[in-house]
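In what follows, a single structure is set out as structure tokens and then discussed.
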Amino acid sequence: MAWRPFPPALTPLHASHPHPHHVPDLTPPDRGRDLRRAAADHALDALHLPAVAARGLARLASAVRRRWERTPRDRRGPALFAVATCLLVLWLTPYGPLLGAVALAGAAIRQGRDRPSDTAGGEPGEAERARLQTLYEALVPHLSLTDDPRPQPLYAHDGDWRRAFTDFAFTEEGRLARLRLRYPPHFGDGDPEARAHLQELLCAKAGRGREYHFAWEEEVGELTLTALPPLPAGVCAQRFVTAPGETVLGFTDLHTVRRTVPVVDEGGERRDVPPVVWRTGPRSTEPHLLALGHPGSGTTTLLRSIALQALRQGEVLVVDGGGAGEYAFLAGRGRVAAVESTPAGALSALEWVVRETERRLLAANRVRQTGRDAPEDVCRPLWVLVDRPSVLSHLARAEGQRDPQDLLQVPLRYGRAVRVTVALADQFEGAGELTGAVRAYTRARVVLGAATPQEVRAVLGEAPSTTPPPEVPPGRGYARLGSGPVHRLQVPAAPDPFDEEAAEPQRRAVLELLPEPVAGPPKAPARRAVR
Ligand SMILES: Nc1ncnc2c1ncn2[C@@H]1O[C@H](COP(=O)(O)OP(=O)(O)OP(=O)(O)O)[C@@H](O)[C@H]1O
490 MAWRPFPPAL TPLHASHPHP HHVPDLTPPD RGRDLRRAAA DHALDALHLP AVAARGLARL
550 ASAVRRRWER TPRDRRGPAL FAVATCLLVL WLTPYGPLLG AVALAGAAIR QGRDRPSDTA
610 GGEPGEAERA RLQTLYEALV PHLSLTDDPR PQPLYAHDGD WRRAFTDFAF TEEGRLARLR
670 LRYPPHFGDG DPEARAHLQE LLCAKAGRGR EYHFAWEEEV GELTLTALPP LPAGVCAQRF
730 VTAPGETVLG FTDLHTVRRT VPVVDEGGER RDVPPVVWRT GPRSTEPHLL ALGHPGSGTT
790 TLLRSIALQA LRQGEVLVVD GGGAGEYAFL AGRGRVAAVE STPAGALSAL EWVVRETERR
850 LLAANRVRQT GRDAPEDVCR PLWVLVDRPS VLSHLARAEG QRDPQDLLQV PLRYGRAVRV
910 TVALADQFEG AGELTGAVRA YTRARVVLGA ATPQEVRAVL GEAPSTTPPP EVPPGRGYAR
970 LGSGPVHRLQ VPAAPDPFDE EAAEPQRRAV LELLPEPVAG PPKAPARRAV R
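The sequence shown runs 490 to 1020 under our numbering.
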């Protein structure tokens, strides 16, 4: 698509110099006019440097702002302190302020010069202008009115993208990294379908194969698209640095959480990654969790990862409705209360959980009346992990037994106060079998795998503000804690250590996290089909 020239108001200052190949003027010379032109040229030359410096300062300021926004909140204090120390040292050094001012002016002039590929939202190069123009023209049919009464609508076939796009940035490779655009008041930004349609169009034009975040600002009628880097992958189960009562569900975007945790990735490299941390216990507002996904999306792995972290804090009881022995490696280990996979076993294990929750409640109540501290067996966390409860319910019905999910009501309703936490995982197809108590009391939610935005919204209560990944690796999805934001999520790898098809270092990493066996090592189950 042809690039349209700058409108006169935005023509760069230096473009007003006479063209070197202009047609010679044969009319008699007008001395006064020549003098005026020379004076104007000199004035423009004199203004050029300050203009470049001002542009550079603006670019530096916006780079600092972006850096600040990307800095995790827990690092902002130390960063501010370091900057303030540097400024103080500069101030106390002889000629320091002068040298600082000269360095700043130099940096501003360097930044302010026109660059072929601008990544700071200033003057774009020709390729970038062409991309922006293409994007603008693609938006025109969706954001323009056929008989727009306004003399200069924001979006029109002969319109100018500079009025519509208020900020943009490109990557080193020339791909769009960020775009902030204004949309006209008649656009229905409250209509999810209209939003989704516009987002889809922008994704297609900004380049497929990446994920994008969309931020709608209805008050000012602006939309910001940001290309997201891939989530941290290649992190295996390990001892995460967390406080008591905190569980790392997975990793997310740096700008959406307040902290990072140090991890060692598969290559043995140490790095800091932003975690989605789920807090449980008496103060938690989302003390129980439900994860849903399509088959093979990684919900069992998520429960295993939770179990490995929970074992550091307290006792774990597993009810495996899948029945494929994917938790058998936990059997016989210290602090593992039970691993059950039959309906009868599930019923007796969950009956024990009900009695244990009630015992703890009564004990905690008595202790509160006497004013003493609760004993260890009342405040030690107990984790109840239930995989595929829908299968258990189905089997129990078939055998004419009580639905094991009914027994979850007590720990779900009253467990929080006595540190009894329930985490469930199931497939979307089984979601209809989940009881009202499970739906009502699991306020920490996870969706894994290639779920549609409708499926994500049905589970999390809100659609993600990011587009789906082009390819969904196992353990990729979204998490929402209570009424908080929807986070992109990558669950750490935590394979079944008895699964011979899993990578050896990952299996070893899981085994290293297990407590010592209490009565001899558990026997590996017979080789089972890998699902
Ligand atoms: N976070 C992850 N990182 C790496 N690999 C993963 C991750 N999650 C799952 N996988 C791999 O994907 C495969 C399926 O995982 P998992 O058994 O957890 O899925 P699922 O949702 O429970 O499916 P199903 O219900 O069919 O068992 C396994 O081979 C597992 O190792």
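C-beta: ideal position from N, C-alpha, C; glycine also.
Near ligand 1: residue i beta-carbon under 7 Å from a heavy atom
i      : result
THR788 : yes
GLN916 : yes
ALA982 : yes
PRO784 : yes
GLY677 : no
ALA998 : no
PRO963 : yes
ALA833 : no
ALA968 : no
ALA991 : yes
GLY811 : yes
Neighbourhood of residue i by C-beta, 6 Å cutoff - its chain only, sequence neighbours within 5 removed
i      : result
VAL843 : LEU896, VAL899
ARG930 : Per the sequence shown, the amino acid found at residue 930 is Tyr instead of Arg. So the list reads HIS777, LEU901, once near-sequence residues are dropped.
PRO870 : GLN802, GLY803, ARG908
GLU755 : GLY723
GLY782 : THR788, LEU937, GLY938
VAL975 : LEU949, GLU951, PRO953, TYR967, ARG969
GLY770 : GLY734, ARG908
ARG604 : Because the pLDDT of ARG604 is 49, which lies under 50, any placement of that residue in the model is unreliable, and the question is left without a value.
HIS510 : The predicted position of HIS510 is uncertain, since its pLDDT is 36 and thus under 50; no value can be drawn from it.
LEU624 : LYS694
ALA704 : THR713
ARG793 : ALA983
8 Å CB neighbourhood of residue i in its chain, flanking five on each side removed
i       : result
GLY919  : ARG877, PRO878, SER879, VAL880
PRO513  : Residue confidence for PRO513 is low, a pLDDT of 33 falling below 50, so the modelled location carries little weight; the figure read from the coordinates is stated next. Nothing meets the Cβ criterion.
THR741  : LEU720, PRO763, PRO764, VAL765, ALA968, HIS976, ARG977, LEU978, GLN979
PRO1004 : LEU800, ARG822, GLY823, ARG824, VAL825
ALA683  : PHE676, GLY677
LEU634  : PRO642, PRO673, HIS675
Residue j beta carbon less than 8 Å from that of residue i
i      : j       : result
VAL936 : GLY966  : yes
VAL875 : GLY812  : no
LEU714 : ARG664  : no
GLN798 : PRO733  : no
VAL945 : PRO953  : yes
PRO784 : GLN916  : yes
LEU670 : LEU717  : no
LEU690 : LEU621  : no
ALA726 : ALA983  : yes
GLU829 : ALA817  : no
GLY821 : VAL1007 : yes
LEU779 : ALA796  : no
GLU888 : PRO963  : no
ILE598 : ALA653  : no
VAL961 : PRO893  : no
GLU617 : PHE570  : no
LEU791 : ALA933  : no
LEU687 : HIS631  : yes
VAL563 : ARG748  : This sequence places Asp at residue 563; Val is not what is there. In contact: ASP563 and ARG748 (Cβ atoms closer than 8 Å).
Rounded distance between the beta-carbons of residue j and residue i, thought under 8 Å
i      : j      : result
ASP678 : TYR672 : 7 Å
HIS777 : VAL911 : 4 Å
TYR701 : ALA693 : Contact flag wrong, Cβ pair sits at about 11 Å.
VAL737 : VAL750 : 7 Å
TRP872 : VAL948 : In fact, because the Cβ distance is near 21 Å, the residues do not count as touching under 8 Å.
GLU775 : LEU970 : 5 Å
ALA992 : ASP985 : About 12 Å separates the two Cβ atoms, so there is no contact after all.
ALA853 : ALA906 : 7 Å
HIS883 : GLU922 : 7 Å
Close beta carbons around residue i, own chain, < 7 Å, minus the five adjacent residues each side
i       : result
ARG891  : LEU836, ALA885
TYR903  : THR846, LEU850
TRP580  : PRO586
GLY710  : ARG671, TYR672, PRO674
GLU1001 : none
> Curious, which full-length alpha helix (DSSP H) runs of at least 4 residues does the stretch 568-651 contain?
Replying inline: The stretch 568-651 contains these whole alpha helix (DSSP H) runs: 585-601, 615-632.
> What are the complete alpha helix (DSSP H) segments, minimum 4 residues, inside the stretch 823-907?
Replying inline: Counting only runs of 4 or more, we get 832-859, 865-868, 878-887, 898-903.
> Can you list the alpha helix (DSSP H) stretches of 4 or more residues lying completely in the stretch 901-987, in chain order?
Replying inline: Listed in chain order, the alpha helix (DSSP H) runs fully inside the stretch 901-987 are 925-930, 942-949, counting runs of at least 4 residues.
>> Runs of 4 residues minimum, wholly inside the stretch 761-806: which ones carry the alpha helix (DSSP H) assignment?
In response: Taking only runs of at least 4 residues, the alpha helix (DSSP H) segments lying wholly in the stretch 761-806 are 788-799.
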